[in-house]
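Q: This is the structure I want to talk about, given as structure tokens.
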Amino acid sequence: MIFLEKITDKNVDNILDIIFNTKNSFEYEYISKNVDDTKWLARLFAKYLKKGDIITLNGELGSGKTVFLNGIASYFNIENDVCSPTFTIVNEYNINKEYPIYHFDVYRIKDSQEFLDDIGTEYFEDGICLIEWGDEIIQDILPKNTIHIDIQKDNGNINTRYFKIWRKS
830 MIFLEKITDK NVDNILDIIF NTKNSFEYEY ISKNVDDTKW LARLFAKYLK
880 KGDIITLNGE LGSGKTVFLN GIASYFNIEN DVCSPTFTIV NEYNINKEYP
930 IYHFDVYRIK DSQEFLDDIG TEYFEDGICL IEWGDEIIQD ILPKNTIHID
980 IQKDNGNINT RYFKIWRKS
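Dropping the structure here:
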């Protein structure tokens, strides 16, 4: 396992190749100094996304989960700003004819059983799944290949965000 190797503009392509093309454990850190940094990282992630990829985004309200998702959306030319589907639970974005992007916000889901009963896991294989609050609510039903992104605000600088990107094998 790589322990909190920092992602930089010089090593980002190598790290993203590891993240998306291996099943190994990893743990990386990225420090975003502003919204543009967050969107830059998200657009690079989007370049590697393929059908069956699952990413959870975890962090307190206002930490940057939706900003990250907007960066992914911009890569795929999704014209409308992405918003969290808090009340609908899932939004579907058709990026091409092969597969959609599913954006979940499971904040209002009680637990994984409710997710299974109301939504199911068919989405996990049908497209790209981006799940806000996934680790906190449905972690026990997520596949092992899930990529987890924890975002933490810096209390001293309102624009800085700390990203921890990880997977356990």
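According to this note's numbering, the sequence shown is numbered sequentially starting from 830.
Even glycine gets a Cβ: it sits at the ideal position worked out from N, Cα and C.
When you compare only the Cα positions, how much space is there between ILE945 and GLN968?
A: The sequence shown places Leu at residue 945, rather than the Ile named in the question. Those two C-alpha atoms are separated by around 12 angstroms.
Q: What runs of the alpha helix (DSSP H), each 4 residues or longer, lie entirely inside the segment 851-909?
A: For the segment 851-909, whole alpha helix (DSSP H) runs of length 4 or above, ordered along the chain, are 864-877 and 894-904.
Q: Would ILE918 pass as a contact of ILE924 if the rule is Cβ separation under 7 angstroms?
A: No; because the gap between Cβ atoms is not below 7 angstroms, this pair is not in contact.
Q: Which residue spans inside the segment 917-993 form an unbroken beta strand (DSSP E) run of at least 3?
A: You should have 919-923, 929-934, 957-961 and 976-983.
Q: By the 10 Å Cβ neighbour count, where 16 or more other Cβ atoms means buried, how is ILE831 classified, buried or exposed?
A: Its pLDDT being 48, under 50, ILE831 is placed unreliably in this model, and the value from its coordinates should be taken loosely. ILE831 is exposed by the Cβ-count criterion.
Q: Closest to GLY888 by CA distance: which of LEU873, ALA871, TYR936 and TYR857 is it?
A: The candidate whose alpha carbon is nearest that of GLY888 is TYR936.
Q: Applying the 10 Å Cβ sphere with the 16-neighbour rule, what's the burial state of THR867?
A: Buried: at least 16 other Cβ atoms inside 10 Å.
Q: Hey, would you say TRP962 sits closer than 7 angstroms to HIS977, going by beta carbons?
A: Contact: no.
Q: Buried or exposed, going by whether 16 or more other CB atoms sit within 10 Å of the CB of ASP1061?
A: Outside the modelled stretch of the chain, which goes from 830 to 998, sits residue 1061, for which no answer is possible.
Q: Roughly how many whole angstroms lie between the Cα atoms of LYS836 and SER861?
A: For the sequence presented, residue 836 should be read as Ile rather than Lys. For ILE836 and SER861, the distance between alpha carbons rounds to 10 angstroms.
Q: Judging by CA-CA distance, which residue of LEU870, THR851, ASP846 and GLY891 is the nearest neighbour of GLN981?
A: It is GLY891.
Q: Smallest Cα separation from ASP947: which of PHE897, ILE938, ASN986 and LEU898?
A: Ranking PHE897, ILE938, ASN986 and LEU898 by Cα distance to ASP947 puts ILE938 first.
Q: Round the Cβ separation of ILE960 and THR895 to the nearest angstrom and send it over; I've been treating them as touching at under 8 angstroms.
A: Rounded, the Cβ-Cβ distance is 13 angstroms, inconsistent with contact.
Q: GLU954 to ASN988, Cα distance in whole Å?
A: The straight-line gap from Cα to Cα measures roughly 35 angstroms.
Q: With 16 other CB atoms within 10 Å as the buried threshold, where does GLY893 fall?
A: GLY893 should be labelled buried.
Q: If you draw a straight line from the C-alpha of LYS1025 to the C-alpha of LEU878, how long is it?
A: The first residue shown for the chain is 830 and the last is 998, placing residue 1025 beyond what the model contains.
Q: Please say whether ALA875 and ILE844 have beta carbons closer to each other than 7 angstroms?
A: Not a contact, by the Cβ cut-off of 7 angstroms.
Q: If you drop the 5 nearest sequence neighbours on each side, which residues of the same chain put their C-beta closer than 6 angstroms to that of ILE957?
A: LEU878, ASP882 and ILE930, listed in sequence order.
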